[in-house]
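Participant:
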Amino acid sequence: MSDLAIIAKIPDVKSAVLGDLAGGFHDAVREQDGETVAAVMGFVSSAMSSAGEQLGLGALRRIAVAGEARGCLVLVHGNVVITASVEPGKSVGAVEKVLDSTVHGRV
Amino acid sequence: METILQGLMELAGVRATMVLDGSGQLVAHRGQSVYDRSVCEQVGSTVTKAIESIQLQQDDWETITAQFADGRILVRRVTVRADGPKLVLAVVADTTLNPSFATVALRVAANKVRSMLEGGASQPPAAAGSQPLGAPGASSSVLSPADSRPVLANTGLSWSKSSGAGSQLGSQAGGSSTAGLSGVAVADPASAAFLSRCAKELARHVGPISKVYVQEAARRVSPDAPFALTASRQLIDDLSNQIEDPKDRAHFRKAALEKK
């Protein structure tokens, strides 16, 4: 099973998108507008990577965005960017923990 | 504002804290020496671009946490009012940061910033001709020379008259003054107007905290009597020390003296 499929099966993960740092779209699970998600999160990941470089924080690993109703997790490994949409937003932390135990080191 | 940021700095692992406005400008910051103003400005601009993009997907975001190999950037939205300034509170931390503690601390700090700004924003607008400047409730902590100086920019909040100040100024100035600087006693309306002009001019260089700087300076140069225009040069000298850039400092001095 691909990492994308594994992530998409985590409870409260509504959809998952595989993209890259250039904003390119590769694959999606339960996401109708994967191209847009990949483009936006590719840019966000690039911008955050730049901020990390400016601050000397090393390579970007993950971005977690949390709101009341929804949130998302962005996993970055090299050029690969995986975005998981999470509902409700308070589940972002729980999904992060599951990710750590299931796909840690694989993406 | 600095007190709030300093509180966050005391959390283990925190290297820098900053408040950014909607355009990515640094409103205030505290940080270790390597995270000086220019670095924080660069980072603020970059982080803001990321936030703007995130808002395309999720405009109701509350927190953003970026985890790096050697640290984290935590961002929390500070919404004062629906039509108020869009501020974000950001923390840069190393790997020793306790994320749970940081989440709580950031939430508390964001609430404090919100309360501070709401307190000022709820006051009535200032005298005619005043411009939007900043947070009237902002407070300034005493910084040691080793600390990086807080950098404050225009947040778009209203330059407002404190009701307490108005009464104080009004009573001391025969009720004819409409300018407001809370807690500063003035000898006459002209002195009150001068203080307001100084604050406006200073705001061009240090941002909304200028009002607080003027209040403090007026008390310093005239501790035992109401501030009067006779102490205006002393006040300008005192306020000049709040401006880091020599060019800006000279510009402020020139402009303030012209307005004397």
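Residue numbers (my numbering), protein chains in the order written: chain P, 508 to 614; chain D, 768 to 1027. Backbone N, C-alpha and C define an ideal beta-carbon position, used for all residues, glycine too. Small disclaimer: the values here were computed from a predicted structure and weren't measured.
Do D:Ala791 and D:Thr815 have their C-beta atoms closer together than 9 Å?
Facilitator: The sequence given here has Gly at residue 791 of chain D, not Ala. Cβ atoms of D:Gly791 and D:Thr815: closer than 9 Å.
Participant: Cα separation between D:Val953 and D:Val979?
Facilitator: Roughly 15 Å separates the two Cα atoms.
Participant: Can you tell me the Cα-Cα spacing of P:Leu511 and D:Ile821, whole angstroms?
Facilitator: Taking the straight line joining both Cα atoms gives about 21 Å.
Participant: What does a CB cutoff of less than 6 Å around D:Ser930 pick up in its chain, not counting 5 residues either side in sequence?
Facilitator: Residue placement at D:Ser930 is poorly supported in this model, since its pLDDT is 38, which falls under 50; the coordinates still yield a value, given next. Excluding positions up to five away in sequence, the list is empty.
Participant: Would P:Ala545 and P:Thr590 be called neighbours here (beta carbons separated by less than 9 Å)?
Facilitator: It is a contact, given that the beta carbons lie within the stated cut-off.
Participant: Quick check: what's the CA-CA separation for D:Leu996 versus D:Gln773?
Facilitator: For D:Leu996 and D:Gln773, the distance between alpha carbons rounds to 35 Å.
Participant: For P:Asp527, which three-state DSSP category applies?
Facilitator: Residue state, collapsed to three classes: strand.
Participant: Leaving out five residues before and five after D:Val786 in sequence, what residues of the same chain have Cβ atoms less than 8 Å from its Cβ?
Facilitator: Met768, Leu772, Leu793, Val794, Ala795, His796, Val845, Leu854, Val855, Leu856, Ala857, Val880, listed in sequence order.
Participant: How long is the line joining the alpha carbons of P:Gly530 and D:Gly780, rounded to whole angstroms?
Facilitator: Going from the Cα of P:Gly530 to the Cα of D:Gly780 covers about 32 Å.
Participant: Run through the region 531–571 of chain P for me and flag every whole beta strand (DSSP E) of 3 or more residues, listed as ranges in chain order.
Facilitator: Whole beta strand (DSSP E) segments, 3+ residues: 532–536.
Participant: So, does the CB of D:Thr832 fall closer than 9 Å to a CB anywhere in chain P?
Facilitator: With 9 Å as the cut-off, D:Thr832 counts as an interface residue toward chain P.
Participant: Report the three-state DSSP secondary structure of D:Met785 (helix, strand or coil).
Facilitator: In the structure shown, D:Met785 sits in a strand (DSSP, three-state: E or B).
Participant: Specify the secondary structure class of D:Val880 as computed by DSSP and reduced to three states.
Facilitator: Looking at D:Val880 - three-state DSSP - the assignment turns out to be helix.
Participant: Out of P:Arg577, P:Gly565, P:Glu575, P:Ala576, which has the shortest C-alpha to C-alpha gap to D:Ala833?
Facilitator: With distances taken between Cα atoms, D:Ala833 lies closest to P:Gly565.
Participant: Quick one: grab the DSSP three-state call for P:Ala576.
Facilitator: Here P:Ala576 sits in coil by DSSP.
Participant: At 8 Å on the CB atoms, spell out the chain D contacts of P:Ser497, in chain order.
Facilitator: Look at the range of chain P in this structure, 508 to 614, and you will see that residue 497 of chain P is not part of it.
Participant: Which chain P residues sit within Cβ distance under 7 Å of D:Leu823?
Facilitator: Simply Val547.
Participant: What in chain D is Cβ-close to P:Leu565, meaning under 8 Å?
Facilitator: Checking the sequence, you will find Gly at residue 565 of chain P rather than Leu. What P:Gly565 touches in chain D: Phe835, Ala836, Asp837, Gly838.
Participant: Rounded to a whole number of angstroms, what is the C-alpha to C-alpha distance between P:Val581 and D:Leu969?
Facilitator: Cα to Cα, the separation comes out at about 42 Å.
Participant: Taking only three categories from DSSP, how would you classify D:Val951?
Facilitator: Coil at D:Val951, not helix or strand.
Participant: Within 10 angstroms of the Cβ of D:Pro852, are there 16 or more other Cβ atoms? Answer buried if so, exposed if not.
Facilitator: Classification for D:Pro852: buried.
Participant: Which of helix, strand or coil does DSSP assign to D:Thr832?
Facilitator: Note: D:Thr832 maps to strand in three-state DSSP.
Participant: Determine the chain P residues that contact D:Val806 at a beta-carbon separation under 8 Å, and present them in chain order.
Facilitator: Simply Gln561, Leu562.
Participant: Suppose you measure from the CA of D:Ser908 to the CA of D:Thr784; what does that come to, to the nearest Å?
Facilitator: Since pLDDT at D:Ser908 reaches only 34, below the 50 mark, its modelled position is unreliable, and the value read off the structure follows with that caveat. Approximately 15 Å between the Cα atoms of the pair.
Participant: Any idea if P:Leu606 is buried or exposed, counting beta-carbon neighbours within 10 angstroms, 16 or more meaning buried?
Facilitator: Result: buried.
Participant: Rounded to a whole number of angstroms, what is the C-alpha to C-alpha distance between D:Arg986 and D:Asn865?
Facilitator: Those two C-alpha atoms are separated by around 41 Å.
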